[in-house]
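**Q**
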Amino acid sequence: MPVTVKFFRPFRQFRSRLLFYTIGLLLLALAGVVAVVNQVFRDNTEATIRHELLVTERIFLRLLSERSQQLTQQATALASDFAFKRVIATQDQDTLTSALANLGARVQADASFLVSIDDSVLANSLDPQQNGQLFFAEELLAQAEAEGAAARLMLIGKTPYQLIIVPVLAPEPIVWLCLGFVIDNTVLAQLKQLTQVEISLLSEQSQTLQIQASTLVPSPRQRLPLFQTDADGFFWHTDKDLYLSRLVVLENQQTGKLIALIERSWPKALENFYRLQWLLLMIALLSIGLASLAAAWLAKTVSKPLQTLARGAQAIGLGNYGYQVQIHSQDEMGQLGMAFNAMGTQLLEKEKIRTLLGKVVSPVVATELLSHDVVLGGETREITALFTDLAGFTSIAEQMPPQALVALLNGYLTEMSSQISRHHGVLDKFIGDAIVAFWGAPVADAGHAQQAVHCALAMQHALRDLRTIWRQQGLPLLSMRIGINTGDAVVGNIGSIDRLDYTMIGDTVNLAARLEGANKYYGSEILISEQTYQQVCSRFACRELDTVRVQGKQQHVAIYEVIARHSQLTPEQHQLCLNFADALAAFRQRQFPQAKILFTGLVGSFQDKPSALYLQRLEELAAQEVAADFDAVYDLAK
Amino acid sequence: MRTKAMALILGLLLGNAHAVTIRVNVLDSDGKPIGQAAVYATPDTPQPVARAKPKTLVIDQVDKEFVNHLTIVQTGTPVSFPNHDKIRHHVYSFSEAKNFELPLYEGTPAKPVVFDKAGVVTLGCNIHDWMSAYVLVVDSPFFALTDNQGAAQLEVPAGHGYAVSAWHPQVKKRPPGNAKVTVAAGNSTELALTLDLKKSFRPIRLPATANLDAGYR
Chain A
2 MPVTVKFFRP FRQFRSRLLF YTIGLLLLAL AGVVAVVNQV FRDNTEATIR HELLVTERIF
62 LRLLSERSQQ LTQQATALAS DFAFKRVIAT QDQDTLTSAL ANLGARVQAD ASFLVSIDDS
122 VLANSLDPQQ NGQLFFAEEL LAQAEAEGAA ARLMLIGKTP YQLIIVPVLA PEPIVWLCLG
182 FVIDNTVLAQ LKQLTQVEIS LLSEQSQTLQ IQASTLVPSP RQRLPLFQTD ADGFFWHTDK
242 DLYLSRLVVL ENQQTGKLIA LIERSWPKAL ENFYRLQWLL LMIALLSIGL ASLAAAWLAK
302 TVSKPLQTLA RGAQAIGLGN YGYQVQIHSQ DEMGQLGMAF NAMGTQLLEK EKIRTLLGKV
362 VSPVVATELL SHDVVLGGET REITALFTDL AGFTSIAEQM PPQALVALLN GYLTEMSSQI
422 SRHHGVLDKF IGDAIVAFWG APVADAGHAQ QAVHCALAMQ HALRDLRTIW RQQGLPLLSM
482 RIGINTGDAV VGNIGSIDRL DYTMIGDTVN LAARLEGANK YYGSEILISE QTYQQVCSRF
542 ACRELDTVRV QGKQQHVAIY EVIARHSQLT PEQHQLCLNF ADALAAFRQR QFPQAKILFT
602 GLVGSFQDKP SALYLQRLEE LAAQEVAADF DAVYDLAK
Chain B
13 MRTKAMALIL GLLLGNAHAV TIRVNVLDSD GKPIGQAAVY ATPDTPQPVA RAKPKTLVID
73 QVDKEFVNHL TIVQTGTPVS FPNHDKIRHH VYSFSEAKNF ELPLYEGTPA KPVVFDKAGV
133 VTLGCNIHDW MSAYVLVVDS PFFALTDNQG AAQLEVPAGH GYAVSAWHPQ VKKRPPGNAK
193 VTVAAGNSTE LALTLDLKKS FRPIRLPATA NLDAGYR
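Rendered as structure tokens:
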């Protein structure tokens, strides 16, 4: 058995299968959609973040630069303080330091320096030791000299500062005022508010990255590889989160690099997507639910009429052709139902014809006729023909009222035809009270002669039962004569194209009819020809009654009376048969006196009617001279 | 004209009729002439000079600017700062050569400021950041300003050695250096001095159309 069949065995019901496939396909489609949406969304989100980081980088740099400008303006305003210029002119160190601290406090600077025109530190707020030494940011001074002011991110010691240098003008630069603003978490938090990204400030000194300030809480331990600093954006894990990040080199100086790490939380960026995923899940569940309902409904609309049709087909299989299925839908199912009902109607009609045909003709013939195209024509077959007649019916028919007569006849014919059917004979026709039947056609039957004889005995037996009824009803007791002959005859559909009989014609048939009539002459009930006898003698006890000349035939034909089945033969019947055979032999050997004694004895013992006939023949022979060629053959009486 | 006249007077005072002209061309590092540069010659051997009481010079304030921008004076010269504007000015200098203030005043201050120490004095106005002027105080009566071609002439008595220097407010090294020693024999001498100038760096007045008299650019 193929594997697939095994696999689908659990789904015996159409409904289950439909559900399985519908939901399966739906799940596949949904899975595909989710996968694609997932990928596209992630890709888009990543691309968007990368782009946003790029934009943010610019904004970040711009903000830094604006902050520089703002601080520069503040410093410039401070530097124009005339009193401060006077203090500078005094060149008093302590006053200078104090005034510088006061100045720095005005703008909340974290560090302040006063640098002479020749670049040496005059005063500062961080380390008095530096006073008199060369200012550490000479490049910045040079820039300030060239551009009027300068600003830069710088590490002082290990702290990142935003340094601003402006000249104190009187009106020529007399000293440089340098203010430092620490870049700490607070500053970055302000930048974060504007840019909506996490910002960390890193310094790179001697190949190690140091986090100086960060908006990430808590500050991540550093795990940033150096080589990615100019990457287009990269993922990295802090202790708890995944970030898409970008490194921006703010300052690249000999003393070290200052790098900004701007980044966006990946899970936060995907929050929208998770919301979408929930929505997708809801839609998926809803559509699966709806699809299930739809599939169930569809399965019902398909399987219910199918079940109805299956019941209909079963009913028709059982012969209930009148069964009509009730499918009211307008679709293909409805058409199928209508076709099914039409088929049932057709079958019913055909069955009616078949039944009627079985009544009109023999069921065997009806079956034969229905199974082939009906054509006129016949064939020569060996058959056994049977003729019956009711003795004296014509005379009683004149005395009885027609209804009673028909009732009597119908009862008789019904019983007889049922016997013929029972013995698989073909009822050819009724001719008044006569019945014509045959065996051996249309269905070939090797035991046709035996069947016919058996049937004849059964018919006589049935008649005895009928006579019991008739006696009780006060009806005349009728007896039946039966003639049987076996031989070739033409059988077939004979008649016109509109009206035909399946019947037989030929000498065999004629002889059977003659034998039926001859019963009257011999006083017998069942006469069979020698040909029939040959085929039935093994099973039925018969006695030869005579040898006759048949009109139109050269051969003489022995005729026999059927007594009984061998098994049912009584001793008296057996004795009768033996004695009659002796008597007949004596008669044929012209030992007439002997024959007369024997026949007389038979008549005396058995009231044997044939023996009486022979006694009459002996008297006729005694009355005249016996011809030299006496062969004991008589013409078959008509 | 004034300088020439002074030189002439000095020459006459010295009783030396032989005055020699030193032609000085002041160029920048690109070889372009620098106008309005100060040029002065200091004699190698200090000469006893019978000096008259120095005449008071004037640096005006007109329309919120100093006039002139660069003034050369011999040590000991008093300079007056008359204010011709309707508003007050606050002239000051924190220079080593002369640290002074003329707090908000109108008209001409009562006393002129005497520049008694050689050096550069940078002048400013406390209430007008863009206002600036320079006074070059030299220990010599021989000085001149270059014209637009960067040329100046110094009439000095012959037979002396002079250190000829040039200075400009935008010169890079602050204590005015850039000196060259030249011995003048009998004839006129011509020499070139090179100054490295830096970008002018000071608050600059906004255009008048802005109708604002203060600001930076």
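Note that the protein sequences, when read in sequence, are chains A and B.
When we follow this note's numbering, the leftmost residue of the first sequence carries the number 2, and every step to the right adds one.
When we follow this note's numbering, the leftmost residue of the second sequence carries the number 13, and every step to the right adds one.
Note that beta-carbon positions come from the ideal geometry of N, C-alpha and C, so glycine has one too.
(1) Does the beta carbon of Asn37 (chain B) come closer than 8 Å to any beta carbon on chain A?
(2) Curious, which full-length beta strand (DSSP E) runs of at least 3 residues does the segment 172-208 of chain A contain?
(3) Do you know whose CA, among A:Phe439, A:Lys159, A:Gly488, A:Phe61, lies nearest Gln532 (chain A)'s CA?
(4) Determine whether the Cβ of Thr134 (chain B) lies closer than 8 Å to any Cβ atom of chain A.
(5) Is Ala322 (chain A) helix, strand or coil when you go by DSSP?
(6) In chain B, which residues lie less than 7 Å from Ile175 (chain A) when you measure between Cβ atoms?
(7) Ignore the nearest five residues each way along the sequence and tell me which others in Val366 (chain A)'s own chain have a CB closer than 7 Å to its CB.
(8) Go through its chain and collect everything with a Cβ distance to Asn45 (chain A)'s Cβ below 8 Å, but skip five positions before and after it.
(9) Are the segment 483-502 of chain A and the segment 598-608 of chain A touching, with three or more C-beta to C-beta distances below 8 Å?
(10) Taking 8 Å as the cut-off, decide whether the C-beta atoms of Ala143 (chain A) and Thr73 (chain A) are in contact.
(11) Where DSSP assigns a beta bridge to Lys554 (chain A), which residues make up the other side?
(12) May I have the straight-line CA-CA distance separating Glu685 (chain A) from Leu603 (chain A), to the nearest angstrom?
(13) Which residues share a DSSP beta bridge with Glu47 (chain A)?
(14) Which residues of chain B have a Cβ atom closer than 8 Å to the Cβ of Ile89 (chain A), listed in chain order?
(15) Contact criterion: CB-CB distance below 8 Å. Does Asp245 (chain B) meet it with respect to chain A?
(16) Would you call the segment 378-388 of chain A in contact with the segment 430-438 of chain A, where contact means no fewer than 3 C-beta pairs closer than 8 Å?
(17) Just how far apart, CA to CA, sit Asp242 (chain A) and Ser215 (chain A)?
(18) Applying the 10 Å Cβ sphere with the 16-neighbour rule, what's the burial state of Asp636 (chain A)?
(19) Distance cutoff 8 Å, beta carbons only. Does Ala124 (chain A) sit that close to anything in chain B?
(20) DSSP puts Arg382 (chain A) in a beta bridge; with which residues?
(21) Return helix, strand or coil for Met505 (chain A), following the three-state DSSP convention.
(22) Find out if the Cβ-Cβ distance for the pair Val32 (chain B), Val51 (chain B) is shorter than 8 Å.
(23) When you check each C-beta in the segment 154-171 of chain A against every C-beta of chain B, which residues fall closer than 7 Å?
(24) Which same chain residues, not among the five before or five after Glu58 (chain A), have their C-beta less than 7 Å away from its C-beta?
(25) State buried or exposed for Tyr640 (chain A), treating a residue as buried only when at least 16 other CB atoms are found within 10 Å of its CB.
(26) What does the alpha-carbon distance come out to for the pair Ala398 (chain A) and Val627 (chain A)?
(27) Answer yes or no: do Leu189 (chain A) and Ile165 (chain A) have a C-beta to C-beta separation smaller than 8 Å?
(28) Consult DSSP for Ala367 (chain A) and reduce its assignment to one of helix, strand or coil.
(29) For the alpha helix (DSSP H) containing Asn411 (chain A), name the first residue and the last one.
(30) Which complete beta strand (DSSP E) runs does the segment 255-320 of chain A hold, if anything under 3 residues is left out?
(31) Taking 7 Å as the limit between beta carbons, can you name the residues of its chain near Gln75 (chain A), skipping five residues before and five after?
(32) Applying the 10 Å Cβ sphere with the 16-neighbour rule, what's the burial state of Ser497 (chain A)?
(33) Quick check on the DSSP output: the alpha helix (DSSP H) that includes Asp111 (chain A) runs from which residue to which?
(34) Mind reading off the beta-carbon distance from Ile71 (chain B) to Thr158 (chain B)? Whole number of angstroms is fine, and I expect it under 8 Å.
(35) Taking the C-alpha atoms as reference points, what is the distance between Ala405 (chain A) and Leu577 (chain A)?
(36) Could you give the distance in angstroms between the alpha-carbon of Ala314 (chain A) and the alpha-carbon of Gln14 (chain A)?
**A** Let me lay it out:
(1) no
(2) 174-183, 199-206
(3) A:Gly488
(4) yes
(5) Residue identity differs from the one stated: residue 322 (chain A) is Tyr in this sequence, not Ala. Three-state DSSP puts Tyr322 (chain A) in coil, outside helix and strand.
(6) Phe106
(7) Val427, Pro443, Tyr503
(8) none
(9) no
(10) no
(11) The partner list for Lys554 (chain A) (beta bridge, DSSP) is empty, contrary to what the question assumes.
(12) Past the edges of chain A, shown from 2 to 639, lies residue 685 (chain A), and the structure says nothing about it.
(13) The partner list for Glu47 (chain A) (beta bridge, DSSP) is empty, contrary to what the question assumes.
(14) Phe106
(15) Residue 245 (chain B) is absent from the structure shown; chain B starts at 13 and stops at 229.
(16) yes
(17) 15 Å
(18) exposed
(19) no
(20) A:Ala490
(21) strand
(22) no
(23) Leu170, Ala171
(24) Arg247, Val249, Ile263
(25) The requested residue 640 (chain A) is not part of the displayed model; chain A covers only 2 to 639.
(26) 44 Å
(27) no
(28) helix
(29) 403-423
(30) 257-266
(31) Val108
(32) exposed
(33) Neither: Asp111 (chain A) is in no alpha helix (DSSP H) and is coded neither H nor E.
(34) Ile71 (chain B) to Thr158 (chain B), Cβ: 19 Å. No contact.
(35) 39 Å
(36) 18 Å
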